[in-house]
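Number of protein chains: 2
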Amino acid sequence: MIKAKAYAAQSSTSPLAPFQLERRSPNPNDVVIQIAYCGICHSDIHTARGEWGPTDYPCVPGHEIVGKVIQVGKKVKKFKVGDLAGVGCFVDSCGKCSPCKSHEEQFCENHAVYTYASTELDGKTRTFGGYSTHITVKDKYVLKVKKGLPLERVAPLLCAGITTYSPLKRYGTKKGKKVGVVGLGGLGHMAVKLAKAMGAEVTVFSTSPDKQADAKRLGAKNFLITKDPKNFSNYAGKLDLIIDTVSAEHDFAPYLSTLKIGGIMVLVGVPPESSKLRSTSLIGGRKHLAGSLIGGIKETQEMLDFCARKKVFSDIELIPAEKINEAYERTIKGQVKYRFVIDAETF
Amino acid sequence: MIKAKAYAAQSSTSPLAPFQLERRSPNPNDVVIQIAYCGICHSDIHTARGEWGPTDYPCVPGHEIVGKVIQVGKKVKKFKVGDLAGVGCFVDSCGKCSPCKSHEEQFCENHAVYTYASTELDGKTRTFGGYSTHITVKDKYVLKVKKGLPLERVAPLLCAGITTYSPLKRYGTKKGKKVGVVGLGGLGHMAVKLAKAMGAEVTVFSTSPDKQADAKRLGAKNFLITKDPKNFSNYAGKLDLIIDTVSAEHDFAPYLSTLKIGGIMVLVGVPPESSKLRSTSLIGGRKHLAGSLIGGIKETQEMLDFCARKKVFSDIELIPAEKINEAYERTIKGQVKYRFVIDAETF
Numbered sequence: 070m071i072k073a074k075a076y077a078a079q080s081s082t083s084p085l086a087p088f089q090l091e092r093r094s095p096n097p098n099d100v101v102i103q104i105a106y107c108g109i110c111h112s113d114i115h116t117a118r119g120e121w122g123p124t125d126y127p128c129v130p131g132h133e134i135v136g137k138v139i140q141v142g143k144k145v146k147k148f149k150v151g152d153l154a155g156v157g158c159f160v161d162s163c164g165k166c167s168p169c170k171s172h173e174e175q176f177c178e179n180h181a182v183y184t185y186a187s188t189e190l191d192g193k194t195r196t197f198g199g200y201s202t203h204i205t206v207k208d209k210y211v212l213k214v215k216k217g218l219p220l221e222r223v224a225p226l227l228c229a230g231i232t233t234y235s236p237l238k239r240y241g242t243k244k245g246k247k248v249g250v251v252g253l254g255g256l257g258h259m260a261v262k263l264a265k266a267m268g269a270e271v272t273v274f275s276t277s278p279d280k281q282a283d284a285k286r287l288g289a290k291n292f293l294i295t296k297d298p299k300n301f302s303n304y305a306g307k308l309d310l311i312i313d314t315v316s317a318e319h320d321f322a323p324y325l326s327t328l329k330i331g332g333i334m335v336l337v338g339v340p341p342e343s344s345k346l347r348s349t350s351l352i353g354g355r356k357h358l359a360g361s362l363i364g365g366i367k368e369t370q371e372m373l374d375f376c377a378r379k380k381v382f383s384d385i386e387l388i389p390a391e392k393i394n395e396a397y398e399r400t401i402k403g404q405v406k407y408r409f410v411i412d413a414e415t416f
Numbered sequence: 070m071i072k073a074k075a076y077a078a079q080s081s082t083s084p085l086a087p088f089q090l091e092r093r094s095p096n097p098n099d100v101v102i103q104i105a106y107c108g109i110c111h112s113d114i115h116t117a118r119g120e121w122g123p124t125d126y127p128c129v130p131g132h133e134i135v136g137k138v139i140q141v142g143k144k145v146k147k148f149k150v151g152d153l154a155g156v157g158c159f160v161d162s163c164g165k166c167s168p169c170k171s172h173e174e175q176f177c178e179n180h181a182v183y184t185y186a187s188t189e190l191d192g193k194t195r196t197f198g199g200y201s202t203h204i205t206v207k208d209k210y211v212l213k214v215k216k217g218l219p220l221e222r223v224a225p226l227l228c229a230g231i232t233t234y235s236p237l238k239r240y241g242t243k244k245g246k247k248v249g250v251v252g253l254g255g256l257g258h259m260a261v262k263l264a265k266a267m268g269a270e271v272t273v274f275s276t277s278p279d280k281q282a283d284a285k286r287l288g289a290k291n292f293l294i295t296k297d298p299k300n301f302s303n304y305a306g307k308l309d310l311i312i313d314t315v316s317a318e319h320d321f322a323p324y325l326s327t328l329k330i331g332g333i334m335v336l337v338g339v340p341p342e343s344s345k346l347r348s349t350s351l352i353g354g355r356k357h358l359a360g361s362l363i364g365g366i367k368e369t370q371e372m373l374d375f376c377a378r379k380k381v382f383s384d385i386e387l388i389p390a391e392k393i394n395e396a397y398e399r400t401i402k403g404q405v406k407y408r409f410v411i412d413a414e415t416f
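So the protein lines, in turn, are chains A and B.
With the numbering used here, letter number 345 in the first sequence gets 414, and the count goes up by one each step, no holes.
With the numbering used here, letter number 307 in the second sequence gets 376, and the count goes up by one each step, no holes.
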């Protein structure tokens, strides 16, 4: 057993507080990672507070993990001690179903083992996430991280990065394409950077005029304040693809109107409520509204390699563990540019 | 001028009644068609009654037209007198914009001239539809109809046929694919026949248990009563594509749950109200909700040729003009298997 320090929520209303846990010693296919940094994702907050259904407490959140391999099982060939490694939103899956075989383990038909607040394949052993000093994970579900990168800025790529990279890639983002990004937060700022790095012209839709300068700095060419309907009519039929990162209820119609014929708007944010949709906003111009959920291990590795090559990293604010609860409040208020990352040395 | 007899609505509340109109003598690129049959589409009813916004009366509906060419302009090479011809939902467009150039004239950015209740490219001359003995149309917008087919059953292909053929084709319907069809009416029964003719296994979703035998006869392998939620859970993750023909508000979530990962549900019916959509029903399984609007001239010709080759025609009830108002009432109540077609000799 490996003794690890962590931060956990003990109930839906309690603040996160120091917590001791034991990670398993490596099985033949496991690697043990000493965590360096872990990002704070909005999902962490929803889960820690039981907002997405009942959570099994204690809950150690965190699925944007980077660190160093300090131990490997005897069958592990993919990693050796001293390698840098990343862990994202899931740590195991059945490996046998059709989605697993087609490298979309996040849709495993039998049991996708989420990094925290989930159970291992045995259906009993609970999983604890990256707000911790250590984690033990099966090698196939661990990502390789290149040396020489700003690791604290790499951590958020494991969720915010792959969540936006996957639909951008799937729907053909490249030079000559026009991509819209709705919302400039943790996911949105990554969508802007990635779409720009893929060669697209990027347009940011935002409610906050004060984000304009930042949008441009991150790589956007155009910035539209969503409160003015004229901004939408000026953009009618212009965009190939929209990545919608907003996680509050909103009307899709104005955004859909800015798509070209056959264009696609992809939802990656999860509003708790239903939104209204008029069929005509899809039928006129035969448009598509799609959803996308993180990405498989193979694609996550491809994304990490792309980001290393293109020097695309998250904009972050590094915090010690004791500031996690404060960071949650600021994340909810949108007061972060653009991701909090916890320094694991402070657990 | 060509004197034509027709049926027209004179106001949103008046029944359709006999009406005289003049069709233009052929311009150099025009053909004059003596109409044999015209289908009754639900859009006709919405427009005749001003339910989709104000209608400019008198209104002669009808955009599912087949007949014989009786006169051609001197530049016409595509048709000669005696040829069979079809006219669908539009009769002209700018021909210069990007959608027109990519054979999607229905999305013309300048002026798609609809077959009725629209204006010609001059912005003034009104268009009158197929509830009539004759129509004059520019040759490029007229479809070729092969000889030897049951023409009265070909007429509905010009709208109901292309509306369902286009998305079935676009999203790869073929042998080995599983296609769902929601609603078994004018559009739905064509979707079943076409998907089956393309080689797919077809599943019909319907509220009416009494349509089961018919669904099987039309080519469906499976029939699901939508009132029982178990029918949806048994079908979770099974379908590649769904064509949703329902034009009343309904919840998309149960249908989306029956799609495979990456699957597509296409809306071709137009509910007057918004429907509710939960983002999670798209994000889980990265699914797509799309819209589709009829099809361009090139694709409509492809569809007519496909239907002639595969012997796919509409199931119809042939009526004389004097029964149009009664047919409207029965169409609204769903009391038709599956399309009313007017015999143009009775005008």
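Just so you know, even glycine gets a beta-carbon here, dropped at the ideal spot from N, CA and C.
At least 8 Å separates the CB of B:P219 from every CB of chain A. Residue pairing by DSSP places A:R408 opposite A:I385 in a beta bridge.
Using a C-beta cut-off of 8 Å, the stretch 360-367 of chain B makes no contact with the stretch 106-114 of chain B, since fewer than three inter-stretch Cβ pairs fall below that distance.
Chain A places a beta carbon closer than 8 Å to that of B:H357, counting this residue as a contact. Contact holds between the stretch 199-213 of chain B and the stretch 146-163 of chain B, because three or more Cβ pairs, one in each stretch, are under 8 Å apart.
Of all residues in the stretch 261-272 of chain B, none has a C-beta nearer than 9 Å to a C-beta of chain A. Residue-level contact by beta carbon fails for B:E91 and chain A, as no gap is shorter than 8 Å.
In the displayed model, A:G332 falls within a strand according to three-state DSSP. Distance from A:A413 to A:I104 at the Cβ level is roughly 4 Å; contact confirmed, criterion being Cβ atoms closer than 8 Å. For B:K280 against B:L253, the beta-carbon gap comes to about 5 Å, under 8 Å, which counts as contact. Per the C-alpha coordinates, the member of A:A317, A:L346, A:K329 and A:I352 positioned closest to A:G403 is A:A317. For the pair B:K246 and B:L310, the CB atoms are nearer than the 8 Å cut-off.
When 7 Å is used as the limit between beta carbons, A:F176 is near these residues of chain B: I330 and G354, in chain order.
The beta carbon of A:L237 sits no closer than 8 Å to any beta carbon of chain B.
Rounded to the nearest whole angstrom, the CA to CA distance from A:E368 to B:L237 is 29 Å. With 16 or more other Cβ atoms from the protein chains shown falling within 10 Å of its own Cβ, A:K356 counts as buried. Within chain B, the residues L336, L358, A359 and G360 have their CB atoms less than 8 Å from the CB of A:L351, given in chain order. Against B:E173, the close residues of chain A are I330, in the order they occur along the chain (beta-carbon pairs closer than 7 Å). B:D125 and B:A181 have their C-alpha atoms some 17 Å from each other. Bridge pairing for B:S275: B:I294 [DSSP].
The residue from A:M70, A:F88, A:W121 and A:Q89 with its alpha-carbon nearest to that of A:V101 is A:M70. The Cβ-Cβ distance between B:L358 and A:L287 does not fall below 8 Å.
In this structure, the CA atom of B:K290 is about 19 Å from the CA atom of B:K380. Across the set A:F292, A:L256, A:G353 and A:F382, the C-alpha of A:L256 shows the shortest separation from the C-alpha of A:I312. Counting every other CB atom within 10 Å of its CB across the protein chains shown gives A:P225 a total of 16 or more, marking it as buried. When Cβ-Cβ separations below 8 Å define contact, A:L346 makes contact with chain B. At a cut-off of 8 Å, the C-beta of B:V339 has a neighbouring C-beta in chain A. The C-beta distance from B:P219 to B:F382 rounds to 6 Å, short enough to fall under 8 Å. Rounded to whole angstroms, the gap between the alpha carbons of B:T415 and A:V251 is 56 Å. At a Cβ-Cβ threshold of 8 Å, B:F292 and B:V273 count as neighbours.
When DSSP states are grouped into helix, strand and coil, B:D161 belongs to the strand group. Of all residues in the stretch 368-402 of chain B, none comes within less than 8 Å of chain A when Cβ atoms are compared. Runs of the alpha helix (DSSP H) spanning 4 or more residues and lying entirely within the stretch 314-362 of chain B occur at 322-326 and 349-352, in chain order.
B:K137: member of the beta strand (DSSP E) spanning I134 to V141, first to last residue. Close to A:P168, with beta-carbon spacing below 8 Å, are these residues of chain B in chain order: I330. With respect to the 8 Å criterion, B:P130 and B:Y200 are classified as neighbours on the basis of their beta carbons.
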